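Position 24 (the sequence shown) corresponds to 25 in the numbering used here; numbering is contiguous. Taking it in order: structure first as structure tokens, then the write-up.
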Amino acid sequence: MTWIDVAAVESLAPGKCRTVEVQGRRFTLLNVGGEFHALGDRCPHRGVPLGAGYLDGTKLYCPLHGWEFDARTGACASRPDQPVDSYPVSVENGRVRVLA
Ligand code: FES
């Protein structure tokens, strides 16, 4: 695993999420009240990008059928047997990095 620089801090406002693609890897980057988190971007249901989903507090909803994920852990409340990966995140010098 290595730290991957994925985005500028100011590119993602609190309460927002988006897909970032770096070095052939895709992540859902989330800003939960100023704290950044990173999840696998592929919904385990039908594979759509979770970064296009809707973030409500710590809950991330898939844009297609609304499965609910914990933005901090990747746990899936809709289907507990179908979590997404969660990655460590660090913020340094205005940049967000993901360990993956
Ligand atoms: S594709 Fe995500 S809930 Fe169906």
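Note that CB positions come from ideal geometry on N, CA and C, so glycine has one too. Values in this document were obtained by computation on a predicted structure and should not be read as measured data.
Item: Rounded separation between G58 and E93 - CA only; Value: 24 Å
Item: Which of helix, strand or coil DSSP assigns to S91; Value: strand
Item: Exposure of G75, with buried meaning 16 or more beta-carbon neighbours within 10 Å; Value: buried
Item: CB-CB length for V33 against A78, believed under 8 Å; Value: At roughly 16 Å, the Cβ-Cβ gap does not stay under 8 Å, so V33 and A78 are not in contact.
Item: Beta bridge counterpart(s) of D57 as assigned by DSSP; Value: K60
Item: Alpha-carbon spacing of C63 relative to L30, whole angstroms; Value: 14 Å
Item: Cβ neighbour criterion (16 or more within 10 Å) applied to W4; Value: exposed
Item: Proximity test, C63 beta-carbon vs the ligand FES heavy atom, cut-off 7 Å; Value: yes
Item: Contiguous beta strand (DSSP E) assignments of at least 3 residues, all confined to the stretch 3-35; Value: 4-9, 18-23, 26-33
Item: 8 Å Cβ cutoff met for L100 and P84; Value: no
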